[in-house]
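K.L.:
One structure, as structure tokens, below. Some questions next.
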Amino acid sequence: MNLNIGVNVKARMHDALHKVFSRLVESDIPETIELPALPDLVEQARQEYLNAQYYYNTVTDQDLVDHAVFLMHAAEKKYMYLLKQAREQGITYSLYAGENANKKALEIDQTLGPQ
């Protein structure tokens, strides 16, 4: 009698799992989510870096200074990485308007760290 119970449990588990997995396989694959463009990521990282600098410059609690330094270094590394990726892909992007916009942006970026 106990063997029948075990077989029934296995059969029910098999049926339940089959239903779940068949729904997953048969269901429509969701559309891929479009990732932000690299210039947008660079700008977001720049804003994060500027915010981290502001936080570091305004933090008053000694216990938070290490946290501010960590945030600033992490934001800087992320920004430099994305700038490097953009340069390697030949992407030029500037927030500045005018003929010398890319030159000004590059000069500012060079002051933030090595290329």
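Each residue of the sequence shown is one higher than the one before, counting from 317 in the working numbering. Note that the Cβ used here is the ideal one computed from N, Cα and C, for glycine as well. Given the structure is predicted, the values throughout are model-derived calculations rather than measurements.
With distances taken Cα to Cα, identify the nearest neighbour of Phe386 among Tyr372, Asn324, Arg328.
P.N.:
Taking the first residue of the sequence shown as position 1, residue 386 is located at position 70. Ranking the options by Cα distance to Phe386, first place goes to Tyr372.
K.L.:
Nearest CA to the CA of Leu399: which residue from Met329, Leu357, Gln369, Leu380?
P.N.:
Taking the first residue of the sequence shown as position 1, residue 399 is located at position 83. Considering only Met329, Leu357, Gln369, Leu380, the residue with the shortest C-alpha distance to Leu399 is Leu357.
K.L.:
Taking three-plus beta-carbon pairs below 8 Å as touching, is the segment 351-371 in contact with the segment 322-333?
P.N.:
no
K.L.:
Starting from Pro355, trace the alpha helix (DSSP H) both ways and give me its first and last residue.
P.N.:
Position 39 of the sequence shown holds residue 355. From DSSP, the alpha helix (DSSP H) with Pro355 extends over 354-374.
K.L.:
Is the separation between the beta-carbon of Ala384 and that of Tyr365 shorter than 8 Å?
P.N.:
The sequence position of residue 384 within the sequence shown is 68, counting from 1. The sequence position of residue 365 within the sequence shown is 49, counting from 1. Their beta carbons are not under 8 Å apart, which means Ala384 does not touch Tyr365 by this criterion.
K.L.:
Am I right that Met388 and Gln363 are in contact with their C-beta atoms under 8 Å? What's the rounded C-beta distance?
P.N.:
Within the sequence shown, numbered from 1, the residue matching residue 388 stands at position 72. Within the sequence shown, numbered from 1, the residue matching residue 363 stands at position 47. 13 Å between Cβ atoms; not a contact.
K.L.:
DSSP three-state label for Ala401, please.
P.N.:
Here residue 401 is taken as the residue at index 85 of the sequence shown, counted from 1. Correcting the residue type first, residue 401 is Gln in the shown sequence and not Ala. Gln401: helix per DSSP, three-state reduction.
K.L.:
Could you compute how far the alpha carbon of Ile407 sits from the alpha carbon of Asn367?
P.N.:
Counting from one through the sequence shown, the residue named residue 407 turns up at place 91. Counting from one through the sequence shown, the residue named residue 367 turns up at place 51. If you take the alpha carbons of Ile407 and Asn367, they lie about 24 Å apart.
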